[in-house]
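*Asks:* Each residue of the sequence shown is one higher than the last, beginning at 3 in the working numbering.
Ideal Cβ placement from N, Cα and C applies to all residues, glycine included.
Since the structure is predicted, the reported quantities are computational estimates derived from the model, not experimental observations.
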Amino acid sequence: NFFTKDQAYYRAIQDDATLDILEARRQAILRSLEYSLKRLILIQAIISAIALIAVPWIVAVFRMDPIQMGVLRTGIFASFLQSGLQILILLLLYFDAQTEALTSCGLFAVANTVLTTLSLDQGVPVFGYGYAIACLLTLACAFFLLNRRLARLHYWTFMKQSIPRPIVVFDDDEEPELS
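1) Do L87 and T140 have their C-beta atoms closer together than 8 Å?
2) Pull up the distance between the alpha-carbon of F110 and that of C143, whole angstroms please.
3) Quick one, which of G108, N3, R28 and I48 has its alpha-carbon nearest T159's?
4) According to DSSP, simplified to helix, strand and coil, what is K162?
5) Leaving out the 5 sequence neighbours to the left and right, which residues in its chain are closer than 6 Å to V85 when beta-carbon positions are compared?
6) Buried or exposed, going by whether 16 or more other CB atoms sit within 10 Å of the CB of I55?
7) Here's a check: name, in chain order, each residue in its chain whose Cβ is nearer than 7 Å to the Cβ of E36, leaving out the five neighbours to either side.
8) I'd like to know if the stretch 53–73 and the stretch 118–133 are in contact, where contact means that at least 3 CB-CB pairs between them fall below 8 Å.
9) For Y12, count neighbouring Cβ atoms within 10 angstroms of its own Cβ and tell me buried if that reaches 16, exposed if not.
10) Below 8 Å between beta carbons: does that hold for I69 and V126?
11) The alpha helix (DSSP H) that contains Q1, what's its start and end?
12) Given a threshold of 16 other Cβ atoms within 10 Å of its Cβ, counted over all protein chains shown, does A153 qualify as buried or as exposed?
13) Give the range of the alpha helix (DSSP H) segment to which R150 is assigned.
14) Going straight from the alpha carbon of N3 to that of D22, what length do you get?
15) Pick from R151, N114 and A10: whose alpha carbon is nearest that of I135?
16) For F145, which residues in the same chain have their Cβ closer than 8 Å to its Cβ, ignoring the five residues on either side in sequence?
17) Please list, in chain order, all residues of the same chain as L94 whose beta carbon is under 6 Å from its beta carbon, the five residues on each side excluded.
18) Please determine, among I49, K40 and S34, the residue with the shortest C-alpha to C-alpha distance to T6.
19) Give the straight-line distance between the Cα atoms of G77 and H156, rounded to the nearest whole angstrom.
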C-alpha cells in the first residue's frame, strides 16, 4: 500500500541508499498512488452512477419539480469531482505542500463563487454548472500541483529541510577565538 511504499522511501534515505534506489522507491510510491486513486475513483464513480440512475426515483419520492432533475444530476456529477479534489488536497497536505493545498482551496472558493453567481443569472436549467465547472477546474489544478510535487520528491525531501546550525562546544580551559 501507499503508506508502506512511503515509509520504504524514507527508510532508504536513513540507510544512505543510492539515488537509483531512491528513484525506484519514488516510482513505487507513484505506482501505489495511481493504483489507490484508480480504486477510489472507481468506487466513487459507481456510487455516483447509482445516484444518477436513481434521480427519477429520488425526484418522485421527494415530490420534487421535474425541472430539478437536471440540477440534481449536475450536483451529483460535481460531487464526484469534488470528492476527487478533496483526495488530492489531502495528498498535497500529506506531502507537506501547504501552499499548493491552499492555492487549490482558494481557487475553488473563488471559482465556485464567480461561476455559481454567473450560473444563477442564467436560470434553473444551468443551476449547478458553476459548482461543477469550479470543481473540474480546481481538480485539474490540484492534479497538476500534486504531479509537480511528486516529480520533484527528491528535491523537496532533501533541499527544503531546515539545517540546524552547528553547536560549538569549548573545553572549560579553552577561550573562544574572536575574529
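*Replies:* Reading it off the structure:
1) Numbered from its first residue, the sequence shown carries residue 87 at position 85. Numbered from its first residue, the sequence shown carries residue 140 at position 138. A contact, by the Cβ cut-off of 8 Å.
2) Residue 110 sits at position 108 when you count from the first residue of the sequence shown. Residue 143 sits at position 141 when you count from the first residue of the sequence shown. F110 and C143 have their C-alpha atoms some 10 Å from each other.
3) In the sequence shown, counting from the first residue as 1, residue 159 sits at position 157. T159 has its Cα closest to that of R28, out of G108, N3, R28 and I48.
4) For the purposes of this step, residue 162 is identified with residue 160 of the sequence shown, where counting begins at 1. Three-state DSSP puts K162 in coil, outside helix and strand.
5) Start at 1 with the first residue of the sequence shown, and residue 85 comes out as number 83. Residue identity check: residue 85 is Ser in the sequence provided, not Val. Only Q46 meet the Cβ criterion.
6) Taking the first residue of the sequence shown as 1, we reach residue 55 at position 53. Exposed, by the Cβ-count rule.
7) By 1-based counting over the sequence shown, the position of residue 36 is 34. For E36, where only same-chain residues beyond five positions count, there are no Cβ hits under 7 Å.
8) yes
9) Translated into the one-based positions of the sequence shown, residue 12 becomes position 10. With fewer than 16 Cβ atoms within 10 Å of its Cβ, Y12 is classed as exposed.
10) Reading the sequence shown from its first residue, position 67 is the one you call residue 69. Reading the sequence shown from its first residue, position 124 is the one you call residue 126. I69 is a Cβ neighbour of V126, given a cutoff of 8 Å.
11) As shown, the chain starts at 3 and ends at 181. That puts residue 1 outside it, with no answer to give.
12) Counted from its first residue, the sequence shown places residue 153 at position 151. Classification of A153: exposed, given that the 10 Å Cβ count is below 16.
13) Taking the first residue of the sequence shown as 1, we reach residue 150 at position 148. Its alpha helix (DSSP H) spans residues Y131 to A153.
14) Translated into positions along the sequence shown, residue 3 becomes position 1. Translated into positions along the sequence shown, residue 22 becomes position 20. C-alpha separation (whole angstroms): 21 Å.
15) As a first step, residue 135 is located in the sequence shown; it is residue number 133 there, counting from the start. Among R151, N114 and A10, the Cα nearest to that of I135 belongs to N114.
16) Stepping through the sequence shown from its first residue, residue 145 is reached at position 143. Once the five neighbours on either side are set aside, the close Cβ partners of F145 are L90.
17) Residue numbering aside, residue 94 sits at position 92 when the sequence shown is read from its first letter. Spatial neighbours of L94 in its own chain (CB-CB distance under 6 Å, excluding positions within 5 residues in sequence) are listed in chain order as E102, A103 and L148.
18) Counting from one through the sequence shown, the residue named residue 6 turns up at place 4. Measuring from the Cα of T6, the nearest candidate turns out to be S34.
19) Position 75 of the sequence shown holds residue 77. Position 154 of the sequence shown holds residue 156. Straight-line Cα distance between these residues: approximately 39 Å.
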